[in-house]
Amino acid sequence: MPVKSPCIGICVLDAKAGYCTGCFRTGDEIGAWMGLSDGEKKRVLAKSKTRKKSHQNIRQKQTDS
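Just so you know, UniProt numbering puts 43 at position 43 of the sequence shown, and the rest follows in order with no gaps.
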């Protein structure tokens with residue numbers, strides 16, 4: 001089964017963070033997506049999941065302050 005794109009249609013690249021605030025992939029990862037193997041896509045998804053969790057933790061700390 002092919003690996004689906006994590007794009008959710010909120011395509012905003014955060015220049016400071018270096019990734020999209022919708023799918024949490026970098027611009028390079030987004031651009032390369034169609035040419036990546038399923039294994040490479042899974043690695044990108046793992047990285048984007050880590051970025052998303054880090055982003056959420058930072059936002060939570062900001063709201064707690």
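Using N, Cα and C, we set each Cβ at its ideal position, and we do this for glycine too.
> When the Cα atoms are used, what is the spatial distance from residue 44 to residue 35?
Replying inline: Taking C-alpha positions only, residue 44 is separated from residue 35 by approximately 13 angstroms.
>> Output needed for residue 11: all residues of its chain with C-beta closer than 7 angstroms, excluding positions within five of it in sequence on either side, in chain order.
In response: Cβ contact annotation for residue 11 (same chain, cutoff 7 angstroms, sequence separation greater than five): 20, 22, in chain order.
> Could you give the distance in angstroms between the alpha-carbon of residue 9 and the alpha-carbon of residue 1?
Replying inline: Roughly 22 angstroms separates the two Cα atoms.
> What's the call for residue 51, buried or exposed, on a 16-neighbour Cβ count within 10 Å?
Replying inline: Residue 51 is buried by the Cβ-count criterion.
> Is it right to say residue 25 is buried, meaning 16 or more other beta carbons lie within 10 angstroms of its own, or is it exposed?
Replying inline: Answer is buried; the Cβ neighbour count reaches 16.
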